[in-house]
Each structure stands twice: as structure tokens, then as C-alpha cells.
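Chemist: Each residue of the sequence shown is one higher than the one before, starting from 9 at the first, in the working numbering.
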Amino acid sequence: MTTRELTVRTDDGVDLHVEVDGVQNAALTVVLSHGFTARLGEWDLQREALRGRARLVLWDQRGHGRSGWTPLTRATIDRTGRDLGQVLDAVVPEGPVVLAGHSMGGMSVLALARQRPELFSSRVVGAFLLATSAGGLVSDGPVGLGVRVLRALGLLPVYLWLLQLWAPLLERFRRRGTRIGRWYTRRYLFGRDDADPEQVRKVQDLLEETPLPVTMAFYATLLDHDEYAALPVLGRVPVTVVAATHDRLTPLGHGRRLAEEIGPSAELVVVDGAGHSVNLTRTATVDAAFLRLLDRAEHAARAA
Numbered sequence: 009m010t011t012r013e014l015t016v017r018t019d020d021g022v023d024l025h026v027e028v029d030g031v032q033n034a035a036l037t038v039v040l041s042h043g044f045t046a047r048l049g050e051w052d053l054q055r056e057a058l059r060g061r062a063r064l065v066l067w068d069q070r071g072h073g074r075s076g077w078t079p080l081t082r083a084t085i086d087r088t089g090r091d092l093g094q095v096l097d098a099v100v101p102e103g104p105v106v107l108a109g110h111s112m113g114g115m116s117v118l119a120l121a122r123q124r125p126e127l128f129s130s131r132v133v134g135a136f137l138l139a140t141s142a143g144g145l146v147s148d149g150p151v152g153l154g155v156r157v158l159r160a161l162g163l164l165p166v167y168l169w170l171l172q173l174w175a176p177l178l179e180r181f182r183r184r185g186t187r188i189g190r191w192y193t194r195r196y197l198f199g200r201d202d203a204d205p206e207q208v209r210k211v212q213d214l215l216e217e218t219p220l221p222v223t224m225a226f227y228a229t230l231l232d233h234d235e236y237a238a239l240p241v242l243g244r245v246p247v248t249v250v251a252a253t254h255d256r257l258t259p260l261g262h263g264r265r266l267a268e269e270i271g272p273s274a275e276l277v278v279v280d281g282a283g284h285s286v287n288l289t290r291t292a293t294v295d296a297a298f299l300r301l302l303d304r305a306e307h308a309a310r311a312a
């Protein structure tokens, strides 16, 4: 099996980096979407587990990895959902597909479900949602309170504009690989007992590849993200929701609500003690859940 690299140009002129791996003539294709400030390399461990089972399509979301940048007004989950649809059209024009998304990648899957519901059950025969949310990520805690106050005062657009204005300057003086960066990574990307220093440094290096202007540009869309209306569309196909008990970025309650509102087609896998990087730290559990979903999706595709 050899990996092919492709470029998909979106309708607004952004070049998306795509890699195709696995069994090229497989009956099933899996399209994997990575998380916020990461790149397709975050799926490397799942790539190993799946490449003998299906055709794999991995892509860098706009502004991330080897994909092109975008105007700030198009750094939105709505736009990454459209990008996912265009990758699907260009690289997997026919045959059954399972969509997988971690964190922001899962949000892109939900956006696509809202935008193109006709794909679900006709082309998309399964979805794997890993450490993700349909909305309300900053509704609680000090950050949530701050956002509510800024909204009430009409200052939230000013706050976001200032973040984006200062981001290029901060990027010029940014230091990567620092101790405070490792502390942040350990606290927010890992769980109670699922990290070792090598893994923390690996995730820190991965996330710090993304420039601050990209991070700040997408920050606004994460505050406004709300795709709960799309969940009944996902209920048409087998879905697996993986949620970690110590995930500080997309807490367990978000995963539970996803599974509940998707309905009977959803399997909820709760990983005790793990954090947001559950696919790295609890690989065997995540891989087993993924392979079970492929069995369910293949059965659904045959039935259809």
C-alpha cells in the first residue's frame, strides 16, 4: 500500500492537502478530519489500525498543516463543513463512506450533515465522532461568563477583532516548546492519568505548528458553534461517539448529549481517566470502537 498526495481546490480558491492510503479497491472509504490547530498526522495511530481494512482519505483543514490559508471571514466551521463536502466530491465521488472527526473535525462532519443531509444514508453510511461537541463549548465557567458579558455589552466582535489584530505580532515573538506550553498541553489535552512526558511533548509540538493568526481566526467560530439541529440527520446511519471523562475542552456531557440526540443509531463509548487526546493515549480502545463502527457501517451499506 502506498500513500498518494493530492490537492483539492475549494470553490473559494483554497488548496487543501489530501492523502489517500489503505486498500485502494476497498468497498468502504473512511474520510478522517483532524482537530483544531492540529493536522492529519494526529490520526497516524488510527491510520495504522485501519489501513488494511478500508480506503483512507485524510486531509488538512484550511489554515492547518499543508493546506492553504483563508480570508479571516471564511475561518468558520460552516466553511470547513463545505470543504469536507468538496473533498468528498473530488476524491470519493462514489461508494459508501464513513466520516470520522476529532474535535473540530467532528464539528465539520456535523456542519456537512446540516448542509447536505441527502448524503447521509445514500453515500455516508457511518460517522465516528471523537472528543467533539455540537455546541455550547464556552457556556460554563469563567470563560463562558466572560463571553456572555462581552456579548451583552456588544463588545464580543471588538474582542475577537483585537485578538486577530495582535496575532501576527505575537506570532513573531512566539516561543515554541516552552514549559508553560507543556503545562497547558498536559492540563487541557490529557486526562487524569493518561499522559507521559513524551506524549505531552509530541502533542505540544503538533499543536504549536499552527500559527497564532490561524488559531485566533477560528476562535470566533468555536464560540458560536451550534449544530444540534443536524443530529437527527446523523441518526440515519450508525454512529460511534467517543467521549473521555477528563476532557477539559469537549467535556463528557457534550458526548452524552450527542449520543442521546442522535438516537438509537449511536453507540457511546466513555473512556475513563482520559482527556482530549484520547486517540493517542487510549489507542486500543479507540481503534476497537472504530473497527466496530466499520462492521456496523458495512452491514448498513449492504442492507441499503
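Heads up, the beta-carbon is just placed ideally off N, CA and C, and yes, glycines get one too.
Predicted model, so just to flag it, every value in this text is computed and none were measured.
Need the endpoints of the alpha helix (DSSP H) that residue 117 sits in, please.
Modeler: Segment 112–123, the alpha helix (DSSP H) holding residue 117.
Chemist: With residue 235 and residue 115 assumed to form a contact (beta carbons below 8 Å), what rounded beta-carbon distance in angstroms separates them?
Modeler: Correct: roughly 7 Å between the Cβ atoms.
Chemist: Relative to the alpha-carbon of residue 221, which residue among 176, 209 and 207 has its alpha-carbon at the smallest distance?
Modeler: The option with the nearest alpha carbon to residue 221 is 176.
Chemist: Which term fits residue 10, buried or exposed, when burial requires 16 or more other beta carbons within 10 angstroms of its beta carbon?
Modeler: Exposed.
Chemist: Quick check: what's the CA-CA separation for residue 119 versus residue 226?
Modeler: Residue 119 and residue 226: Cα-Cα distance of roughly 15 Å.
Chemist: Label residue 204 either buried or exposed according to how many other C-beta atoms from any shown protein chain fall within 10 Å of its C-beta, with 16 as the threshold for buried.
Modeler: By the 10 Å Cβ count, residue 204 comes out exposed.
Chemist: For the candidate residues 76, 131, 95 and 207, whose alpha-carbon lies nearest to that of residue 41?
Modeler: Answer by Cα proximity: 95.
Chemist: By the three-class DSSP mapping on this structure, what secondary structure does residue 206 have?
Modeler: If DSSP states are grouped into helix, strand and coil, residue 206 belongs with the helices.
Chemist: Can you tell me the Cα-Cα spacing of residue 281 and residue 264, whole angstroms?
Modeler: Using only the alpha carbons, I get a separation of about 16 Å.
Chemist: Looking only at C-alpha atoms, which of 173, 261 and 83 sits nearest to residue 143?
Modeler: Closest by alpha carbon: 261.
Chemist: Whose C-beta lies closer than 6 Å to the C-beta of residue 45 among residues of the same chain, with five residues either side of it excluded?
Modeler: Same-chain partners within the cutoff: 215, 218 and 223.
Chemist: Have a look at 110, 239, 257 and 23 and flag the residue whose alpha-carbon is nearest the alpha-carbon of residue 267.
Modeler: When only C-alpha atoms are compared, the closest one is 239.
Chemist: Going by C-alpha distance, which of 287, 141 and 126 is nearest residue 229?
Modeler: Here the closest residue by C-alpha is 141.
Chemist: Tell me the DSSP secondary structure of residue 179 in three-state form.
Modeler: Looking at residue 179 - three-state DSSP - the assignment turns out to be helix.
Chemist: Please classify residue 150 as buried or exposed, where buried requires at least 16 other C-beta atoms within 10 Å of its C-beta.
Modeler: Model confidence at residue 150 stands at a pLDDT of 49, short of 50, so the residue's coordinates are unreliable; what they give is reported in the following sentence. It is exposed - the Cβ of residue 150 has fewer than 16 other Cβ atoms within 10 Å.
Chemist: Closer than 8 Å by C-beta to residue 305: which residues in its own chain qualify, once you throw out the five before and the five after it? Chain order, please.
Modeler: Excluding positions up to five away in sequence, the list reads 36, 104, 106, 133, 134, 245 and 246.
Chemist: Please report the straight-line C-alpha distance between residue 271 and residue 183, rounded to a whole angstrom.
Modeler: The alpha-carbon atoms of residue 271 and residue 183 are separated by roughly 45 Å.
Chemist: Is the segment 185–203 close to the segment 280–295, with three or more CB pairs under 8 Å?
Modeler: Touching, yes.
Chemist: Buried or exposed: which applies to residue 17, given that a residue is buried once 16 or more other Cβ atoms fall within 10 Å of its Cβ?
Modeler: By the neighbour-count rule (16 or more Cβ atoms within 10 Å), residue 17 is not buried but exposed.
Chemist: How far does the alpha helix (DSSP H) with residue 262 in it extend, from its first residue to its last?
Modeler: Residue 262 -> alpha helix (DSSP H) spans 260–270.
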